[in-house]
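Residue numbers (our numbering): 153 to 637.
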Ligand code: S2G
Ligand code: ZN
């Protein structure tokens, strides 16, 4: 296969675009102008794509035809969903074709008795959630970009979000997949069986492969009973060790019905209060740390869908933690609107970062019990390396995934600060590695973390990845240069 430089300069096969237009239809082949922007602009503005064209197929057979056509022309493909990824996994160069799944957005079937649903890959996550709810079921994947990310992209990156503590990552929520392979064949693994021990788990090979082994075109997803009630609380804490203690106490107190346990630093909460309209300080006083806790239940007891029973358990757990000095303050939402406001605080701290200047991002995970030590070491190391840097940590403490982001020092030029992205990443990733953690918990690798793959992945894993890639995509047609260093 030609290298990227050769491919960039190669003139498009004379009739490639014509053939692609014949496959997807003229109006579903975008070749220039402002119409390209939704596909070539990247969420954080760190990358800018170019491409020969963006093809928007209507169904799997068209995806297969586009892949065959590009492979025959020696042109590689960048599969793309909602383009909400942050690691450059859907970034393309001028010689490539972007294949976007947006048109393939149907909910194909909801099977409440089987607790399963089949959807096309381009289905927006919020629409998947709504379709499940319309049938009295719950699809628990929930994350900030759910209004625009597509389930195919969630699967390709094994997305996490705020309910991993109870329901797992996207990998744990899928029963079957359909995908188009690099040679244009369609692999149909869409069954909804809970048990099927007949060979390698191809589904799990494709989940998290970031479009480098196959283009996911449909999925059979796991559904759960719709929670009848939920209890949302916010706690004020002195440190991350107290948050860790509270997590264990509330898992016990709630009969392990926590779905969410998010940790937020005071700088993040105060930033949301300062910059986000309508965001008030959630507790009476300031605290160094806050925890957003959500428990949910399908238990019918008590006549009010179990609300008072679950609330009683959470209240008792929080009261004991207060008595034992584990937490400094706490509030339990008294209404759904108050509950939504507490949950919204977690989303607002993400948005508020942009008003604090440049932000160097991290997406690391460590064993849950090591979160306090990770936070202690990382804070000290950042302040030593860049005394005026403003650590802005928050994240999914329940599953050990902390976004230890760093906001620009007030007295530092923005670009000079962002130029420190890699050295600061190295510093944070090194600490995560020392604690047995991962440099990418939920956002994937893309192109942003190829260096980390070289540095931290063991040689045997890397050798196996390369062998699997060669076996499934010998022509390097699918998303070349991503995920594998
Ligand atoms: C979160 C969202 C992505 C970001 O809020 O949990 O995964 O901007 C992040 O860090
Ligand atoms: Zn996250």
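In this text, a Cβ means the ideal position worked out from N, Cα and C, and glycines have one as well. Values in this document were obtained by computation on a predicted structure and should not be read as measured data.
Distance between beta carbons of residue j and residue i, contact taken as under 8 Å
i: residue 382; j: residue 491; result: 7 Å
i: residue 336; j: residue 254; result: Going by Cβ atoms, the distance from residue 336 to residue 254 rounds to 21 Å, so no, they are not a contact pair.
i: residue 219; j: residue 314; result: 35 Å between Cβ atoms; not a contact.
i: residue 237; j: residue 399; result: Between residue 399 and residue 237 the Cβ distance is about 29 Å, and since that is not below 8 Å, they are no contact.
i: residue 386; j: residue 434; result: 5 Å
i: residue 209; j: residue 630; result: Contact flag wrong, Cβ pair sits at about 15 Å.
Straight-line gap, residue i to residue j (C-alpha atoms, nearest Å)
i: residue 517; j: residue 577; result: 14 Å
i: residue 546; j: residue 471; result: 24 Å
i: residue 261; j: residue 267; result: 11 Å
i: residue 501; j: residue 424; result: 5 Å
i: residue 257; j: residue 276; result: 7 Å
i: residue 531; j: residue 455; result: 48 Å
i: residue 478; j: residue 624; result: 52 Å
i: residue 602; j: residue 513; result: 16 Å
i: residue 481; j: residue 439; result: 9 Å
i: residue 223; j: residue 317; result: 41 Å
i: residue 154; j: residue 188; result: Because residue 154 carries a pLDDT of 47, less than 50, the predicted location of this residue cannot be relied on, and the following value inherits that uncertainty. Cα-Cα distance, rounded: 25 Å.
i: residue 621; j: residue 592; result: 20 Å
i: residue 247; j: residue 548; result: 38 Å
i: residue 226; j: residue 235; result: 24 Å
i: residue 324; j: residue 196; result: 28 Å
i: residue 269; j: residue 374; result: 7 Å
i: residue 460; j: residue 295; result: 28 Å
i: residue 183; j: residue 309; result: 27 Å
i: residue 331; j: residue 169; result: 23 Å
i: residue 567; j: residue 494; result: 34 Å
Under 7 Å between C-beta atoms of residue i and residue j
i: residue 300; j: residue 327; result: no
i: residue 250; j: residue 206; result: yes
i: residue 392; j: residue 523; result: yes
i: residue 199; j: residue 252; result: no
i: residue 329; j: residue 347; result: no
i: residue 579; j: residue 533; result: yes
i: residue 388; j: residue 442; result: yes
i: residue 559; j: residue 574; result: no
Cβ neighbours of residue i in the same chain (closer than 6 Å, five flanking residues each side left out)
i: residue 448; result: 379, 382 and 411
i: residue 609; result: none
i: residue 598; result: 239, 240, 241 and 634
i: residue 507; result: 427
Proximity test, Cβ basis, 7 Å: residue i and chain C
i: residue 182; result: The structure shown contains no chain C; it holds only a single protein chain.
Own chain partners of residue i with C-beta closer than 8 Å, once the 5 adjacent residues on each side are dropped
i: residue 452; result: 380 and 458
i: residue 604; result: 577, 581, 591, 592 and 597
i: residue 264; result: 287, 288, 289 and 375
7 Å Cβ shell around residue i - same chain, five flanking residues per side excluded
i: residue 583; result: 526, 529, 530 and 533
i: residue 333; result: 339, 366 and 624
Practice prompt. Counting only runs of 4+ residues fully inside the stretch 385–443, write out the alpha helix (DSSP H) ranges in chain order.
Written response: 392–405 and 418–427
Practice prompt. Please list the segments of the alpha helix (DSSP H) lying wholly inside the stretch 205–274, counting only runs of 4 or more residues, in order along the chain.
Written response: Runs of the alpha helix (DSSP H) lying entirely within the stretch 205–274, each at least 4 residues long, are 212–224 in chain order.
Worksheet item: If you scan the stretch 476–533 from start to end, which runs of the beta strand (DSSP E) of 3 or more residues do you find wholly inside it?
Response: 481–484
Item to complete: Counting only runs of 4+ residues fully inside the stretch 545–578, write out the alpha helix (DSSP H) ranges in chain order.
Response: 566–570
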